[in-house]
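Student: Taken in sequence, the protein lines are chains A and B.
With the first letter of the first sequence counted as 1, position 55 gets the number 55 in the UniProt record's numbering; the numbers rise by one all the way through.
With the first letter of the second sequence counted as 1, position 26 gets the number 26 in the UniProt record's numbering; the numbers rise by one all the way through.
What follows is a single structure, and I will ask about it in a moment.
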Amino acid sequence: MKGARENQLLHVLHLEVPFETAQQAQIASKVLTPDPILKPQDFHVQYSCKHSVLHLDFESIDDRVLRVGVSSVIESVKTILETIDEFK
Amino acid sequence: MVNLNKVPPRHRKQYYLALGLEGSANKLGVGIIKHPLLPQHADSDLSHHCELQILANIRDTYVTPPGEGFLPRDTARHHRNWAVRLVKKALQEAGIKDPTDLDTICFTQGPGMGAPLHSVVVMARTLSLLWDVPLVGVNHCVGHIEMGREITKAENPVVLYVSGGNTQVIAYSENRYRIFGETLDIAIGNCLDRFARTLKIPNEPSPGYNIEQLALKCTNKDQLVELPYTVKGMDLSMSGILGYVDSLAKDLFNKNTKNKLLFDPQTGQQLVTVADLCYSLQENLFAMLVEITERAMAHVNSNQVLIVGGVGCNVRLQEMMASMCRDRSNGQVHATDERFCIDNGVMIAQAGLLQYRMGDAVQDIADTVVTQKFRTDEVYVAWRE
Numbered sequence: 001m002k003g004a005r006e007n008q009l010l011h012v013l014h015l016e017v018p019f020e021t022a023q024q025a026q027i028a029s030k031v032l033t034p035d036p037i038l039k040p041q042d043f044h045v046q047y048s049c050k051h052s053v054l055h056l057d058f059e060s061i062d063d064r065v066l067r068v069g070v071s072s073v074i075e076s077v078k079t080i081l082e083t084i085d086e087f088k
Numbered sequence: 001m002v003n004l005n006k007v008p009p010r011h012r013k014q015y016y017l018a019l020g021l022e023g024s025a026n027k028l029g030v031g032i033i034k035h036p037l038l039p040q041h042a043d044s045d046l047s048h049h050c051e052l053q054i055l056a057n058i059r060d061t062y063v064t065p066p067g068e069g070f071l072p073r074d075t076a077r078h079h080r081n082w083a084v085r086l087v088k089k090a091l092q093e094a095g096i097k098d099p100t101d102l103d104t105i106c107f108t109q110g111p112g113m114g115a116p117l118h119s120v121v122v123m124a125r126t127l128s129l130l131w132d133v134p135l136v137g138v139n140h141c142v143g144h145i146e147m148g149r150e151i152t153k154a155e156n157p158v159v160l161y162v163s164g165g166n167t168q169v170i171a172y173s174e175n176r177y178r179i180f181g182e183t184l185d186i187a188i189g190n191c192l193d194r195f196a197r198t199l200k201i202p203n204e205p206s207p208g209y210n211i212e213q214l215a216l217k218c219t220n221k222d223q224l225v226e227l228p229y230t231v232k233g234m235d236l237s238m239s240g241i242l243g244y245v246d247s248l249a250k251d252l253f254n255k256n257t258k259n260k261l262l263f264d265p266q267t268g269q270q271l272v273t274v275a276d277l278c279y280s281l282q283e284n285l286f287a288m289l290v291e292i293t294e295r296a297m298a299h300v301n302s303n304q305v306l307i308v309g310g311v312g313c314n315v316r317l318q319e320m321m322a323s324m325c326r327d328r329s330n331g332q333v334h335a336t337d338e339r340f341c342i343d344n345g346v347m348i349a350q351a352g353l354l355q356y357r358m359g360d361a362v363q364d365i366a367d368t369v370v371t372q373k374f375r376t377d378e379v380y381v382a383w384r385e
């Protein structure tokens, strides 16, 4: 049952956010990871770092949920970037 | 006895520094405080006597037009827009050149609106990782209580916490702030705010402030408009009162002369003004608060009351509470002014720093998830005996 549901998350998006250093990218990933997804059966996101680039992989049940979820994560990324820019 | 010096200040300083970040409702607050490292704190019960120094206390409020409330999404956007700028300004005001000197970064973990809380914790986490400064998650209500205790030096008061989102009567017992009575539906500030919205008057600077100002203009104080009085044991209910007083205000605006309470049935003359309604609403609500507070005082054998939260700035509420206390032996009322009553960052720093000094900082960043529901009595109060 669980496998079948996961298979339905067909709407995917991959984003790459470049940072100045690998350490900054790792900070961003650590800041984003703790927050739980409200509807894990409809939406999934995975954060990973490759060197100084933060990779975001979204999977979702439909394009509407995808858009809402992605924009909320992007808002958080903006806050992280601004904080790093100001206080690094 | 409690040892508040369990965790020594970082970098061999002779004082503690804490940054407090508050954003659980429409106010974004950033505060920086300093506690000196004092030998008497090593073995005493002096958590209300930290010799707190406030280095910065900045607030920015998301203001909506009169007649409108604030929505979570817009409030979160406001906080995101301002958070970094406010922290920068606070550090400048406090004269902190090297932020890694901070001992801890304290943030509101709850209760409050989810989206605004989250927008602030994202910055808090980033700062903590950038500067390598430990985080402390603070219960908003405990923040109000600890701030009130430090400012007024009330040692063991019954706390009346009245704000836009909360109405609770709290007393300390065995390492918890226990809730003796609370609202069963809406908070008192919410009740006042929503009535203010009906009257199309603004909700700035604190819940009920403009109603308080209007109530001062009431010329007919002997003749209260009768409203439901809804104390339920130790608890209160306010939504019914709001619905009723709202309908009275609407009848008044629509000149509905059929309403015999508001208009003389024979002549059609108006008997009650908006100011009278505001006055009666305040008297009625505050009388209910005073009643349950007095009962809690009798329960725990205390003669001190500490009023905290945004509605706590209301002078009439403070007067009514004082008159109740005068009738009890040796009673005292403690209240603070708008700098500390209304949500601010300093109170989060104060409660968070006490928590930090007892060794209760966040170990795993996964434990920093914010929560809309966070009861006052969930917090283990290690810093009191």
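Glycine residues also receive a C-beta, built at the ideal position from the N, C-alpha and C atoms.
Just so we're clear, the structure is a prediction, and the values are computed from it rather than from any experiment.
What is the DSSP secondary structure of residue 1 of chain A, counted as helix, strand or coil?
Tutor: Only weak support is given to the placement of residue 1 of chain A: the predicted model assigns it a pLDDT of 44, under 50, and the question is left unresolved by the model.
Student: So is residue 28 of chain A in contact with chain B if we call contact Cβ pairs under 9 Å?
Tutor: Residue 28 of chain A counts as touching chain B.
Student: Which residues in chain A have a C-beta closer than 9 Å to the C-beta of residue 119 of chain B? List them in chain order.
Tutor: Neighbours of residue 119 of chain B on chain A, chain order: 75, 76 and 79.
Student: Would a check of beta-carbon distances place residue 39 of chain A closer than 9 Å to chain B?
Tutor: Closer than 9 Å: no.
Student: Measure the C-alpha to C-alpha separation of residue 390 of chain B and residue 250 of chain B and round it to an integer number of angstroms.
Tutor: This structure cannot speak to residue 390 of chain B, because chain B is shown only from 1 to 385.
Student: Quick one: what's residue 15 of chain B bridged to in DSSP?
Tutor: B/36.
Student: Listed from N- to C-terminal order along the chain, which residues in the segment 349 to 376 of chain B have their beta-carbon within a distance smaller than 7 Å of any beta-carbon of chain A?
Tutor: Answer in chain order: 365, 366, 368 and 369.
Student: Quick one: measure Cβ to Cβ for residue 119 of chain B and residue 79 of chain B, integer angstroms, because I've assumed they're closer than 8 Å.
Tutor: About 4 Å separates the two Cβ atoms, so the contact holds.
Student: Residues of chain A with CB under 7 Å from residue 84 of chain B, in chain order?
Tutor: In chain order: 82, 83 and 86.
Student: For residue 35 of chain A and chain B, any beta-carbon pair shorter than 9 Å?
Tutor: At least one chain B Cβ lies under 9 Å of residue 35 of chain A.
Student: Can you find the residues in the same chain that come closer than 6 Å, C-beta to C-beta, to residue 72 of chain B, ignoring five residues on each side of it along the sequence?
Tutor: Within the same chain, residue 72 of chain B has close Cβ partners 113 and 115.
Student: With a floor of 4 residues, list each alpha helix (DSSP H) that falls wholly inside the segment 225 to 282 of chain B, ordered by position along the chain.
Tutor: Here the runs fully enclosed are 239 to 253.
Student: Just to check my reading of the structure: residue 238 of chain B and residue 188 of chain B have Cβ atoms closer than 8 Å, yes? What is that Cβ distance to the nearest angstrom?
Tutor: Yes, residue 238 of chain B and residue 188 of chain B are in contact; Cβ-Cβ is about 6 Å, under 8 Å.
Student: Let me know the beta strand (DSSP E) ranges lying completely inside the segment 129 to 201 of chain B, each 3 residues or longer, listed in chain order.
Tutor: Within the segment 129 to 201 of chain B, the complete beta strand (DSSP E) runs of at least 3 residues are 135 to 139, 158 to 162, 167 to 173 and 176 to 182.
Student: According to DSSP, residue 49 of chain A sits in a beta bridge with which residue or residues?
Tutor: In DSSP, residue 49 of chain A forms a bridge with A/54.
Student: By the DSSP assignment, the beta strand (DSSP E) with residue 333 of chain B in it spans what residues?
Tutor: Looking at the DSSP string, the run of the beta strand (DSSP E) that includes residue 333 of chain B is 332 to 335.
Student: Give the residues of chain A in contact with residue 75 of chain B, contact being defined as C-beta atoms less than 7 Å apart.
Tutor: Per Cβ cutoff of 7 Å: no residues; residue 75 of chain B is ~13 Å from chain A at best.
Student: Use the C-beta contact count for residue 195 of chain B: other C-beta atoms within 10 angstroms, 16 or more gives buried, fewer gives exposed.
Tutor: With 16 or more Cβ atoms within 10 Å of its Cβ, residue 195 of chain B is classed as buried.
Student: Which bits of chain B does residue 31 of chain A rub up against, with CB to CB less than 8 Å?
Tutor: Those are 122, 125, 126, 129 and 365, listed as they occur along chain B.
Student: Measuring alpha carbon to alpha carbon, tell me which residue in B/302, B/358, B/197 and B/357 is nearest residue 155 of chain B.
Tutor: Here the closest residue by C-alpha is B/302.
Student: With three or more C-beta pairs closer than 8 Å as the rule, is the segment 263 to 275 of chain B touching the segment 118 to 135 of chain B?
Tutor: No: fewer than three Cβ pairs fall under 8 Å.
Student: Between residue 38 of chain B and residue 342 of chain B, what straight-line distance do the alpha-carbon atoms span, to the nearest angstrom?
Tutor: Between residue 38 of chain B and residue 342 of chain B, the C-alpha separation is close to 29 Å.
Student: Is there a Cβ of chain A sitting closer than 9 Å to that of residue 99 of chain B, yes or no?
Tutor: Yes, contact with chain A.
Student: From this set, B/134, B/84 and B/87, which residue's C-alpha is nearest residue 9 of chain B's C-alpha?
Tutor: Out of B/134, B/84 and B/87, B/134 has the C-alpha closest to the C-alpha of residue 9 of chain B.
Student: Can you find at least 3 beta carbon pairs, one from the segment 346 to 355 of chain B and one from the segment 132 to 151 of chain B, that sit closer than 8 Å?
Tutor: Output reads yes: the segment 132 to 151 of chain B touches the segment 346 to 355 of chain B.
Student: Chain A beta carbons: is any one of them nearer than 9 Å to that of residue 88 of chain B?
Tutor: True, the Cβ-Cβ gap to chain A drops below 9 Å.
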